[in-house]
Every structure is written in structure tokens, then in C-alpha cells.
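Using this note's numbering, the first residue of the sequence shown is number 418, and each one after it goes up by one. Quick notes on the structure that follows.
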Amino acid sequence: MFFIRKPLGRKKNNSKDPPFIDQSLPENLNSDITCNVAEINSRISLIPDMVIREFVIQQTGKRAALVYLLGLTDKNAINNNILKPLLHNSIAGEVVDGELPVAIGNIRWLTEWSKVEQAIFQGYSVLFIDGRTDALALDTQGWPQRAIEDPQLEASLKGAHQGFVETAGQNIALVRRYIPNRELKVKQLRVGARGRTQILLVYLGDVANPEILQELEDRISQLDVDAIVSSGELAEYIEDNPYSPFPQFISTERPDAAASQLLQGRVMIIVDGSPVVIIAPASISTFFQNVDDYGTRWLVSSFLRMLRFFAFFVALCLPSFYIALISYNYDLLPVKLLLTIGESRAGVPFPPLVEALMMEITLEMMREAGVRLPAPIGQTVGIVGGIVIGQTAVQAGIVSNIMVVIVSFTAIASFILPNHDMSSGVRLLRFPMMFITFLFGIVGLVIGMMIIMAHLVSLESLGTPYGSPFAPMRFSDWKDTFFRLPVWKMNKRPTGARAIQEDRQGSSRPKGDGK
């Protein structure tokens with residue numbers, strides 16, 4: 418059963434058009450080209466990069482006007498494939514409507530001014546012809562594009578060194594390199610009253626669950642916003658629980674990781690203009706997987722996978738556990754260790770909670786400063802700043818040596834988590850966990866973990882249990898959770914993806930003469 422949450426959008430109007438649309442403007446084009454040119458000038462004003470090229474079509478002798486935006490179009494395509502055939506009576510291209518020899522694909526006729534405006538701002542060139550009440554939209558999109566580079570947030574040792582870019586068409590091409598199959602379907606949606614952001618749903622038609630696909634389409638179609646700028650913004654609108662600190666969609670900038678999730682039966686969402694795609698539905702175990710896990714020996718991958726789960730609990734609970742032991746349950750410590758900690762804290766004037774908060778907040782500030790600064794300077798600030806501040810704080814008697822060790826080990830554990838969104842959620846939950854253990858000791862730590870586990874079990878991602886395959890328990894999917902079995906053992910798609918085609922490979926592997 419699916420629950421459709423009301424999107425966080427602008428309050429809908431009763432009228433069909435957005436509130437900023439002037440209802441007094443004409444809706445349909447005029448047959449007089451002079452009126453159409455005047456209308457386009459009145460509608461799109463104070464835009465110096467708009468070009469209106471008026472000329473006479475050589476083949477028919479009719480007056481025409483070509484309208485386009487300089488920064489969003491390909492000048493060579495306009496000159497060679499549109500203007501040259503029309504001005505010089507060339508028939509090298511496709512003859513459109515029996516009289517227009519243009520060499521441009523993806524051609525469509527427009528009769529409404531709203532469609533004309535959208536086409537111009539999407540990078541199309543619009544051709545007005547005298548005597549016609551429609552205009553020809555020609556695909557000449559050619560805005561500035563970034564070269565395909567190595568992903569920044571998801572570094573890989575054995576994976577591909579290609580990352581998604583800000584152009585949706587290139588992102589689809591990157592995925593098709595991994596899945597060159599006719600079942601790779603792409604469904605296009607438009608969101609936003611002003612931006613008309615292009616959103617693409619990419620999935621395998623014979624594998625993905627149509628209910629999940631329909632649920633995604635319904636939630637996106639209900640959005641009533643100006644525009645969607647990034648994929649993270651879209652995820653916040655359509656996720657099941659917007660108040661949860663845990664991510665409910667998988668975000669990635671790697672085409673190989675996205676292709677792997679598509680093959681498992683999930684749906685990829687591409688937001689035009691964003692280099693990060695989101696994948697749904699998600700489960701807790703997917704945030705501990707890395708693309709290198711499947712390119713490394715399965716024993717090594719299993720060790721690293723278990724290390725990540727251990728790091729998750731360390732990053733979440735280690736400072737809280739230390740505060741509980743020092744504040745309430747110091748009788749659980751060995752005598753020698755207790756004496757060592759007591760000697761280290763002898764000159765510290767603050768309770769363990771204040772001590773931990775100062776170090777954790779300082780660490781977060783250095784982490785944020787390192788991200789915002791240029792790469793060489795950021796690394797220097799992170800390393801030198803941590804050493805200098807930690808040593809100075811200990812010498813000044815503000816914090817103890819043990820607390821510096823605890824905070825450093827916690828920071829390292831949070832870096833091990835492969836998903837940035839999950840790591841950020843753990844870092845946020847670390848603070849309330851420290852408060853509750855300062856008040857109630859080990860009992861508070863247990864209560865906090867029970868609340869977090871209950872929250873994880875109650876979460877859903879597009880109606881799919883977030884805790885799968887642990888809650889509900891599905892032992893068949895444990896082949897790729899805490900550890901990873903050999904790939905030839907994982908012949909079924911994960912249940913959490915809710916794929917309609919369960920089998921993804923044969924049940925055995927080829928054997929040579931050596932058996």
C-alpha cells in the first residue's frame with residue numbers, strides 16, 4: 418500500500434494558469450508575421466541575448482522570422498541547417514511541410530504563445546512564417562556544457578572514472594553505455610510554473626515495478642513550484658518522511674553505480690541541470706554498498722562491508738558511550754584504565770558533555786571550512802588545524818587527551834561511510850545521543866538506539882520498507898548486506914527493489930578443466 422504525502426509546494430490556484438501569467442495576452446499566434454514579431458518583443462523584453470532574424474524564404478518568397486537565444490543554441494546548427502537552406506534555396510536538408518528545406522530533426526509546430534515561449538527558453542529556434550498561424554520549433558539546443566570528469570564525492574579505485582554532468586541527455590547516454598538494451602525506458606516530465614524543469618524517469622521496462630513507477634510519477638506531477646533546481650530539492654519534496662535525518666533516496670554521481678541499481682529493478686530520477694541523480698526505492702543496506710565492492714575479491718569486500726557497519730555504530734555511539742562511562746557507569750571500566758582517564762581529566766574544568774560538544778563542533782567547523790576552501794588549502798586547514806587545535810586545547814587544560822582520541826576516532830569512522838547523505842545524518846544524530854547519555858548514562862544510550870532502530874523500521878521509501886532485508890526479515894537478501902557473497906551466488910534481485918522479474922542471472926558459474 419502506498420501513502421501519497423501532500424507535496425511541499427506553493428498553494429494551488431483555482432485557475433489553470435500560474436498567477437504571474439497576464440490573462441490579457443493573446444493565446445494563439447497571428448497570421449501576420451509583423452504582429453507576431455511585435456508580440457514576441459512585448460512578451461520577452463529586456464533580454465539582450467534574444468535574436469530575431471527577419472528574412473525572405475528563397476523558395477517561396479514568404480517573409481519569415483527566426484527567434485532564438487544566443488546562450489542556449491548552437492550557432493553552427495542555425496547557420497548551416499536553417500538559415501543557409503532557407504536563404505540560398507538549398508534542398509540538402511529535409512523538406513518540411515513541402516516548402517521548408519531545413520536539416521534539423523525533432524521538429525514540431527506550435528500554435529500557442531505559451532508553447533512558443535517555453536521552446537525559446539529551452540534552446541529551440543522558433544521560425545515564424547507570414548500567413549501561417551503556427552510556428553516551427555527547431556531543435557538547436559547548444560548551451561555550455563561541462564566535460565565529463567571523475568566523480569568528486571564517490572571516489573573509486575577500480576570503477577569507471579566518469580561522472581554525471583548537468584545535461585540530462587548526456588547522463589542518459591552515460592547509462593546506456595552500460596545497459597544498451599531496448600528495455601531501458603525514459604519517461605519525461607516537466608515541473609515548475611516558471612522553470613519548467615525537465616525530470617526524467619529511467620528504468621528497465623521488464624524489471625522495474627510499475628506501481629513504484631506510477632507512484633513516483635504521481636508525486637512529481639502533484640508538485641506546484643516555480644522550478645526544481647537540484648535533485649536534492651526534488652527528493653525533499655517527494656520523500657515519504659521529510660522530518661527523518663536518514664536519506665530515503667539513493668543519490669549518486671556515478672553512471673556505473675546507477676546502472677547497477679537499475680539492473681536490480683530500481684528507478685533512476687534525473688533532474689536536468691543537476692549532476693547528481695536519485696534512485697528509488699532505497700533500503701538501509703544500500704547506503705553501505707560501494708561500486709568497488711563488486712570489482713574486488715568477495716572476501717575483501719565482505720570485510721570492508723562489515724567495517725562500514727561497525728563504523729556506523731562507532732560514529733553514532735562512541736562519544737555518547739564515553740560520556741556515559743565517565744558520568745555514570747565508571748564502575749564498568751578496568752581500574753588501570755579508570756586511573757588513566759582520571760589523570761587525563763584532572764585539570765579539565767568542564768563536564769564530559771561540554772568537553773565533547775566543544776571538540777565535535779570544532780571538528781564540524783573545520784570540516785565545513787575544508788569543503789568551502791580550494792582543495793590544496795582545504796586539506797592544509799583540515800590536517801594542520803586539527804593537530805594544532807587539538808594539541809593546544811590539551812595543553813591549555815580545556816579538554817583531555819582521551820577526548821581528543823575519542824573525537825578523532827569518531828571522525829574517521831564517519832569518513833568510512835560511503836554515502837555522504839547517510840554520513841551527514843549520523844553526524845547530526847550524534848549530538849542528541851550525547852545529551853541523552855549525559856542525563857541517563859548507559860540506559861540513555863540504549864533508549865536512544867532503540868528509538869533510532871524503531872524509526873528505521875517505521876520508515877518507508879515509496880511504500881517499500883526502509884529496514885529491508887532486516888525488518889521485515891528476508892534471509893535470502895542477506896547475501897549482499899553485512900557481507901557480500903560471490904556474485905555468481907546472487908542470482909536473485911533484492912526484494913527491497915520490488916522488481917517484477919526476480920531472476921537476474923543463472924544459478925551456476927562456468928567451470929573449466931581445472932574444475
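Note that beta-carbon positions come from the ideal geometry of N, C-alpha and C, so glycine has one too.
Given a threshold of 16 other Cβ atoms within 10 Å of its Cβ, counted over all protein chains shown, does residue i qualify as buried or as exposed?
i, result
"D623", "exposed"
"G764", "exposed"
"V519", "buried"
"S448", "exposed"
"M867", "exposed"
"R901", "buried"
"W526", "exposed"
"Q605", "exposed"
"V608", "buried"
"I464", "exposed"
"A482", "buried"
"T881", "buried"
"D567", "exposed"
"D748", "exposed"
"P597", "exposed"
"C452", "exposed"
"S893", "exposed"
"S840", "buried"
"V484", "buried"
"E785", "exposed"
"M870", "exposed"
"E760", "exposed"
Please classify residue i: does DSSP put it in a helix, a strand, or coil?
i, result
"M775", "helix"
"R915", "coil"
"Y883", "coil"
"I758", "helix"
"W715", "helix"
"K909", "strand"
"L770", "helix"
"V765", "coil"
"T490", "strand"
"I701", "helix"
"Q587", "helix"
"Q558", "strand"
"W530", "helix"
"R525", "strand"
"Y485", "strand"
"D920", "strand"
"A572", "coil"
"S448", "coil"
"P927", "coil"
"T898", "coil"
"E670", "coil"
Return the Cβ separation of residue i and residue j in integer angstroms, given the expectation that the two are a contact with Cβ distance under 8 angstroms.
i, j, result
"V693", "S719", "Not quite, the Cβ-Cβ distance comes to about 28 angstroms (not below 8 angstroms), so this is no contact."
"F899", "M723", "6 angstroms"
"I637", "T614", "With a Cβ gap of about 10 angstroms, I637 and T614 do not count as contacting."
"M775", "V816", "7 angstroms"
"G580", "E670", "5 angstroms"
"P911", "Q681", "6 angstroms"
"R460", "L442", "7 angstroms"
Checking 8 angstroms against the spacing of the C-beta atoms, do residue i and residue j come in under that value?
i, j, result
"R891", "N626", "no"
"V592", "P672", "yes"
"E656", "F666", "yes"
"I501", "I546", "Just to set this straight, residue 501 is Lys in the shown sequence, not Ile. Result no, Cβ atoms of K501 and I546 do not sit closer than 8 angstroms."
"R725", "P835", "yes"
"A728", "A830", "yes"
"W895", "R926", "no"
"P648", "S691", "The question names Pro, but residue 648 in the sequence shown is Ser. Yes, they are a contact pair."
"M851", "S737", "yes"
"F857", "I864", "yes"
On a CA-only basis, which of the options is nearest residue i? Give me that one, please.
i, options, result
"E628", "R683, D567 and G609", "R683"
"D963", "F472, A572 and N498", "The chain is shown from 418 up to 932; residue 963 falls before or after that span and cannot be answered."
"A888", "K896, D897, S875 and G880", "S875"
"T490", "H578, S542, L780 and T881", "S542"
"A676", "A590, I853 and S647", "A590"
"E456", "W530, G522 and R470", "W530"
"R611", "P597, K532 and L621", "K532"
"L503", "P886, K492 and T477", "T477"
"L601", "T550, Q678, A554 and E583", "Q678"
"G488", "G540, N496, R460 and R470", "G540"
"Q535", "G522, A552 and I521", "A552"
"I833", "S459, A572, P443 and E444", "A572"
"I743", "Q812, I758 and F730", "I758"
"T584", "W560, I450, Q569 and D466", "W560"
"Y711", "I819, G842 and G576", "G576"
"E471", "Q812, L544 and C734", "L544"
"V788", "L733, S825, L617 and H837", "H837"
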